[in-house]
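Student: I have a structure I would like to understand better, so I am pasting it below and will then ask my questions one at a time.
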Amino acid sequence: MRPDHRACLLLPVFLTACASVPQGGTEATLALLETSDLHANVLSYDYYKLQADPAIGLERTATLIRQARAEYPNNLLFDNGDALQGTALADYQALVKPAACGDTLAIYKAMNALGVDGAGVGNHEFNYGLPYLNQVTGSHFDVDGVPADAPRCAGPNFPIVLANIYSARTRQPLFAPYRILRRQIAATGADGKPVTVTIRVGIIGFAPPGVLSWDKQWLAGKVYAEGVRETALKYIPRMRAEGADLVVAISHGGIDGAPYTPEMENANYHLAQVPGIDAMLIGHEHLPFPDAASQRAAFNLPGVDKAKGTVFGVPTVMASLWGKHLGVIGLHLRHDGTRWVVDKSRTTVEARGTRQKDGGYVAADPSIAPLVADEHAATINYVKTPVGTSDFRMSSYFADVGDISAIQLVNQAQTAYVQDYVKANLPRYAALPVLSMASPFKTGAAGVADYTDVKPGPVALNNAADLYLYPNALHAVKLDGAGLKAWLEKSAERFNRIDPANGAQQELVNSAVYGFNFDMLTSADVSYQIDVTQPVGQRIVDLRYRGAPLATTQEFLVATNSYRAAGGGAFPGLDGGKTVIAAPDSSREVLIAYIQKAKQLTRARNGATRSWRFAPVATKGAVVFHSAPGLLDLAREAGLAGVSQLKQDDGGGKGFALYAIDLSK
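Using our numbering, you'd call the opening residue of the sequence shown number 11 and step up by one each time.
Here you go:
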């Protein structure tokens, strides 16, 4: 809602002059606008590629916000969370030149200018630790690790709510669990005449409980989590008792039809069944919802209407990621004489994209870029810092079919770090072989430009950040051969099951399994095949260590990241209990140091050791996948002779090409 709509709230004595008490039969439409998973993408700019990218950026979403506000004069704008981390700009403000107490983060400058009314908290808000989060949100956390006399610093101009993460010291929520916003809205009285009335909108926030594992190094012993459903059951009656006319859940999670547990990551299927919720603003899964064409299993569950945008009748929207969409719920309200009631038959839900029908994008709002010009320029200058050179192109366009050019270097850096760490600190593990797991973080999930792509030549800090997207800490776990195979089996869920006798085209990649969960080895000591004709859990075949079948009792140290080691992705056996090294350094810092020491990267040394292959099988029909067009030469350079491009445009309207892979080669 625009600031001028709030003017009469500043002096409560004048409330009666501004708004009347709603009477039975009064009707109004109130729009709930949502941004989600912005990941610090303020501008339409890719700091890893050092070029403009019109497909991303809050400055584009801002145009959609302006358009929606013109359509819906009664509106509230909310952010779902994961706003503070995800770009080099965010890292620069958190790690390189940390924001001072009086500084407002770039993402909050933009959100303030847009008049955001409230925000939730995502899991990535915790990536830089509690002291940083306390500072930049203008909070005063009563938790271990945050000094009691820490000043209250600059933060956003809007309330942040989070109900299910608690201080271990006080047993109270870290942030305010909910807020009730009083707003004046234009309505139509029962007599058909315009009237201004007061409405009280309660907002409550939820984060995935898994954050306690994913950011264990920052949070262990300091905070604890409760499940989303039981938290809602506790607080929503209080919100109603305190006068909330509407309750809006800002829940940083997606939709999952599995049986409910308090640890559930995407619990909104169950949250929607809690009485008293009028609308849900969801996120975390980086998808648009509603989406009538989606084949995602969770969007086709009983009780989920993927076309109308409801979950068990509750209007629900998810605004994708990086500013690509704006969620818009047009709540049609009618007052029954006692309370406001949502007319679900006239309520609309949309995820509006910045991409237009002609393939172009809405124009950027020109007011945003000047707000963050200094931070933007400083970030570009920082990421240009050279760290080495490379004679080959490191990319993830064909990572799903065997190109390890953007992965082996990460594995080498992590392996070397763990080997050195063991020699210096853990001699009892000196006899154990060290392996490393890494995944392609960018595999097109956010669009045709969403791939790692480091060209030959100078390698700078922005390239290292492209190769390792997240600020995870480096961890190492102790596993036996059986545990290693189970890990690889979970990774192989990235693929659909292929029927060799099927003459129709079959999709190789299971889009419901993200690329960052496709962990792989790139070690000359280990080889294995993935048999995609077999069911999940039975796909890893001919797993060998130094040429011999891998013994189930053979022990290893496996380098990975803090997210995976602590249970992220629900990999079997990885729950934090097998961690033997929790390094003080991030995986990205480890990678940068490795490149600086190596100086010159070559394909022979750093991009040609592939541990895995698909098990050979002849298929009657084509096995296909999607990637950026015109890059067949990269597949050839990676030794992928069985890859061919079938269509320059796969027809999906997103710029991808259709490729095929001959699994018999």
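Glycine included, every Cβ here is placed at the ideal spot set by N, Cα and C.
All of these numbers come straight from a predicted model, not from anything done at the bench.
Specify the secondary structure class of K488 as computed by DSSP and reduced to three states.
Tutor: Counted from its first residue, the sequence shown places residue 488 at position 478. The answer is strand: DSSP assigns K488 an E or B state.
Student: Just to confirm my understanding: we take V314, look at its own chain, exclude 5 residues before and 5 after, and list those with CB closer than 6 Å. What are they?
Tutor: Here residue 314 refers to the residue found at position 304 when the sequence shown is read from its first residue. Hits under 6 Å: V321.
Student: Can you name, in chain order, every residue of its own chain whose Cβ lies under 7 Å from the Cβ of T71, other than the five neighbours on each side?
Tutor: Locating residue 71 in the sequence shown gives position 61, where the first residue counts as 1. Only T45, G333, L336 and T364 meet the Cβ criterion.
Student: With H, G and I counted as helix, E and B as strand and the rest as coil, what does DSSP make of Y478?
Tutor: Translated into positions along the sequence shown, residue 478 becomes position 468. Correct three-state label for Y478: coil.
Student: Find the nearest neighbour of K226 within the set L291, G513, A592 and Y270, judged by alpha-carbon distance.
Tutor: Here residue 226 corresponds to residue number 216 of the sequence shown, with the count starting at 1. Taking only the C-alpha atoms, the option nearest K226 is A592.
Student: Would you check if the segment 375-394 and the segment 556-571 touch, i.e. whether three or more CB-CB distances between them fall below 8 Å?
Tutor: no
Student: Near Q564, what residues of its chain come up, given a Cβ to Cβ distance below 7 Å and the 5 sequence neighbours on each side ignored?
Tutor: In the sequence shown, residue 564 corresponds to position 554, counting from 1. Answer for Q564: D490, G491 and Y555, listed in chain order.
Student: Tell whether a beta-carbon distance below 8 Å holds between N84 and L140.
Tutor: Locating residue 84 in the sequence shown gives position 74, counting from the first residue. Locating residue 140 in the sequence shown gives position 130, counting from the first residue. Cβ distance not < 8 Å, so N84 and L140 don't count as in contact.
Student: Would you mind listing the alpha helix (DSSP H) stretches within the segment 583-619 that are 4+ residues and don't spill past its ends, in chain order?
Tutor: 597-608 and 613-616
Student: Would G398 pass as a contact of L611 if the rule is Cβ separation under 8 Å?
Tutor: What you label residue 398 is simply residue 388 of the sequence shown in a count that begins at 1. What you label residue 611 is simply residue 601 of the sequence shown in a count that begins at 1. Yes, these two residues count as a Cβ contact at 8 Å.
Student: Please determine, among K232, A116, Q33 and F505, the residue with the shortest C-alpha to C-alpha distance to T206.
Tutor: Here residue 206 corresponds to residue number 196 of the sequence shown, with the count starting at 1. Nearest of K232, A116, Q33 and F505 to T206, Cα basis: Q33.
Student: Which word fits H386, buried or exposed, when buried means at least 16 other C-beta atoms lie within 10 angstroms of its C-beta?
Tutor: Taking the first residue of the sequence shown as position 1, residue 386 is located at position 376. H386 should be labelled buried.
Student: Between the C-alpha atoms of F309 and I287, what's the straight-line distance to the nearest angstrom?
Tutor: The residue given as residue 309 occupies position 299 in the sequence shown. The residue given as residue 287 occupies position 277 in the sequence shown. Cα-Cα distance, rounded: 20 Å.
Student: Going by DSSP, what residue range makes up the alpha helix (DSSP H) through N421?
Tutor: In the sequence shown, residue 421 corresponds to position 411, counting from 1. It spans Q418 to N435 - the alpha helix (DSSP H) in which N421 sits, taken as one unbroken run.
Student: Taking 7 Å as the cut-off, is the beta-carbon of V52 closer than that to any non-hydrogen atom of the ligand NAD?
Tutor: Of ligands this structure carries none, so the ligand NAD is not represented either.
Student: Alpha carbons only, please: which of D660, K232, P626 and L484 is nearest the one belonging to V600?
Tutor: Residue mapping note: residue 600 aligns to position 590 of the sequence shown, counting from 1. The candidate whose alpha carbon is nearest that of V600 is L484.
Student: In the DSSP output, which residue or residues are listed as bridge partners for K657?
Tutor: Stepping through the sequence shown from its first residue, residue 657 is reached at position 647. Bridge partners of K657: L668.
Student: Could you please give the first and the last residue of the uninterrupted alpha helix (DSSP H) stretch that includes D401?
Tutor: Here residue 401 is taken as the residue at index 391 of the sequence shown, counted from 1. No alpha helix (DSSP H) holds D401; DSSP gives it neither H nor E.
Student: Got a sec, what are the start and stop residues for the alpha helix (DSSP H) L311 sits in?
Tutor: Counting from one through the sequence shown, the residue named residue 311 turns up at place 301. Per DSSP, L311 belongs to no alpha helix (DSSP H) and is neither H nor E.
Student: Give me the residue from A361, L222 and V171 with the minimum Cα distance to D301.
Tutor: Your numbering for residue 301 matches position 291 in the sequence shown. Measuring from the Cα of D301, the nearest candidate turns out to be A361.
Student: If K500 sits next to F581, beta carbons under 8 Å apart, how far is it from one beta carbon to the other, in whole angstroms?
Tutor: One-based indexing of the sequence shown puts residue 500 at position 490. One-based indexing of the sequence shown puts residue 581 at position 571. Yes, K500 and F581 are in contact; Cβ-Cβ is about 5 Å, under 8 Å.
Student: If distances are taken between C-alpha atoms only, which option among D89, A98 and P166 comes closest to Y118?
Tutor: For this step, residue 118 is matched to residue 108 along the sequence shown. For Y118, the nearest C-alpha among the options comes from P166.
Student: By the 10 Å Cβ neighbour count, where 16 or more other Cβ atoms means buried, how is Q422 classified, buried or exposed?
Tutor: Within the sequence shown, the letter at position 412 stands for residue 422. Around the beta carbon of Q422, 16 or more other beta carbons sit within 10 angstroms, so the residue counts as buried.
Student: Closer than 6 Å by C-beta to S621: which residues in its own chain qualify, once you throw out the five before and the five after it? Chain order, please.
Tutor: Residue mapping note: residue 621 aligns to position 611 of the sequence shown, counting from 1. L531, T532, S533, V536 and S537.
Student: Just how far apart, CA to CA, sit A186 and G67?
Tutor: Sequence index remark: in the sequence shown, residue 186 carries index 176 (1-based). Sequence index remark: in the sequence shown, residue 67 carries index 57 (1-based). If you take the alpha carbons of A186 and G67, they lie about 28 Å apart.
Student: To which residues of the same chain is V458 closer than 7 Å at the C-beta, ignoring the five residues directly before and after it?
Tutor: Within the sequence shown, residue 458 is the residue found at index 448, counting from 1. In its chain, beyond the 5 residues on either side, A638, K664, G665 and F666 have a beta carbon closer than 7 Å to the beta carbon of V458.
Student: With which residues is R554 paired in a DSSP beta bridge?
Tutor: Counted from its first residue, the sequence shown places residue 554 at position 544. Paired residue(s): S537 and P559.
Student: Span of the beta strand (DSSP E) holding E2?
Tutor: Beyond the ends of the chain as shown, which are 11 and 675, falls residue 2; an answer cannot be given.
Student: Report the rounded CA-to-CA distance for K59 versus D463, giving the unit in angstroms.
Tutor: Here residue 59 is taken as the residue at index 49 of the sequence shown, counted from 1. Here residue 463 is taken as the residue at index 453 of the sequence shown, counted from 1. Cα to Cα, the separation comes out at about 8 Å.
Student: Ignore the nearest five residues each way along the sequence and tell me which others in A502's own chain have a CB closer than 7 Å to its CB.
Tutor: Counting from 1 along the sequence shown, the entry for residue 502 is found at position 492. Contacts found: I540, R549 and I550.
Student: What's the call for A514, buried or exposed, on a 16-neighbour Cβ count within 10 Å?
Tutor: To locate residue 514, count along the sequence shown from 1; it is residue 504. It is exposed - the Cβ of A514 has fewer than 16 other Cβ atoms within 10 Å.
Student: Let's see if you can read the secondary structure: which residues bound the beta strand (DSSP E) around P325?
Tutor: The count along the sequence shown starts at 1 and reaches residue 325 at position 315. It spans V324 to A329 - the beta strand (DSSP E) in which P325 sits, taken as one unbroken run.
Student: CB E135 to CB L105, shorter than 8 Å?
Tutor: The sequence position of residue 135 within the sequence shown is 125, counting from 1. The sequence position of residue 105 within the sequence shown is 95, counting from 1. Cβ atoms of E135 and L105: not closer than 8 Å.
Student: Buried or exposed for H280, please, with buried defined as at least 16 other CB atoms from any protein chain shown within 10 angstroms of its CB.
Tutor: Locating residue 280 in the sequence shown gives position 270, where the first residue counts as 1. Buried, because 16 or more other Cβ atoms sit within 10 Å of the Cβ of H280.
Student: Can you tell me where the alpha helix (DSSP H) holding Q194 begins and where it ends?
Tutor: As a working mapping, residue 194 is identified with position 184 in the sequence shown. Counting along the chain, Q194 falls outside any alpha helix (DSSP H), though it belongs to the beta strand (DSSP E) covering Y188 to T198.
Student: Report the rounded CA-to-CA distance for K107 versus G579, giving the unit in angstroms.
Tutor: One-based indexing of the sequence shown puts residue 107 at position 97. One-based indexing of the sequence shown puts residue 579 at position 569. About 32 Å.
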